Amino acid sequence: MGYTYGKTICRGALIFLSAKIDLSVSLEYAYAEIRMIQEGDVDVAYFRRIQDWREKYLSLPEFWVSQKGVLAQSEREVQLQNLADELAGLCNEIIMLEPNN
């Protein structure tokens, strides 16, 4: 659909990431937005980075167990925050630096 569509999708993802809701829910909604981007909606290099981010997000385990067999929710929260920060930075780059601004 073109670069304008890609930027619009990124803006939507940023809105979800900034929402005052649970981080895992924010990321789920942002993922739903960002997965709509196809080749041609952003520069090829950005598309590859989006694909890499999607793979990281999808490979994140739902529950984490520590060596003692206890749920390690804090580790998961750190990973979720890292993914949110990475996606926010990527979306900002696409919006601000994408050719044909």
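If you're matching positions, the sequence shown starts at -15 in the numbering used here and goes up one per residue. For glycine and all other residues, C-beta sits at the position ideal for the given N, C-alpha and C. Quick caveat, the model's predicted, so the values are computed rather than measured.
(1) Taking the alpha-carbon positions, what's the residue 19 to residue 58 distance?
(2) In terms of residues, what are the limits of the alpha helix (DSSP H) holding residue 35?
(3) Measuring alpha carbon to alpha carbon, tell me which of 1, -13, 6, 24 ends up nearest residue 14.
(4) Take residue 75 and list the residues in its own chain whose beta-carbon comes closer than 7 angstroms to its own, dropping the five residues that flank it on each side.
(5) By Cβ distance, which residues of its chain are closer than 6 angstroms to residue 31, with the 5 residues on each side in sequence left out?
(6) So, for residue 70: in the same chain, excluding its five sequence neighbours on each side, which residues have a beta-carbon less than 7 angstroms away from its beta-carbon?
(7) Taking a contact to mean a Cβ-Cβ separation below 7 angstroms, would you say residue 68 touches residue 11 in this structure?
(8) Residue 68 by DSSP, collapsed to three states: which one?
(9) DSSP three-state label for residue 19, please.
(10) Within its chain, find whatever has a CB closer than 8 angstroms to the CB of residue 44; leave out the 5 residues flanking it on each side and keep chain order.
Looking at the coordinates:
(1) CA-CA distance, residue 19 to residue 58, rounds to 26 angstroms.
(2) Its alpha helix (DSSP H) spans residues 28 to 43.
(3) Here the closest residue by C-alpha is 1.
(4) Sequence-distant Cβ neighbours of residue 75 in its own chain, meaning closer than 7 angstroms and more than five residues away, are -6, -3, -2.
(5) Result list for residue 31: 23, in chain order.
(6) Only 37 meet the Cβ criterion.
(7) Against a cut-off of 7 angstroms, the Cβ pair of residue 11 and residue 68 comes out as a contact.
(8) In the three-state scheme derived from DSSP, where H, G and I count as helix and E and B as strand, residue 68 is classed as helix.
(9) Here residue 19 sits in coil by DSSP.
(10) Cβ neighbours of residue 44 beyond the five flanking positions: 60, 63, 64, 67.
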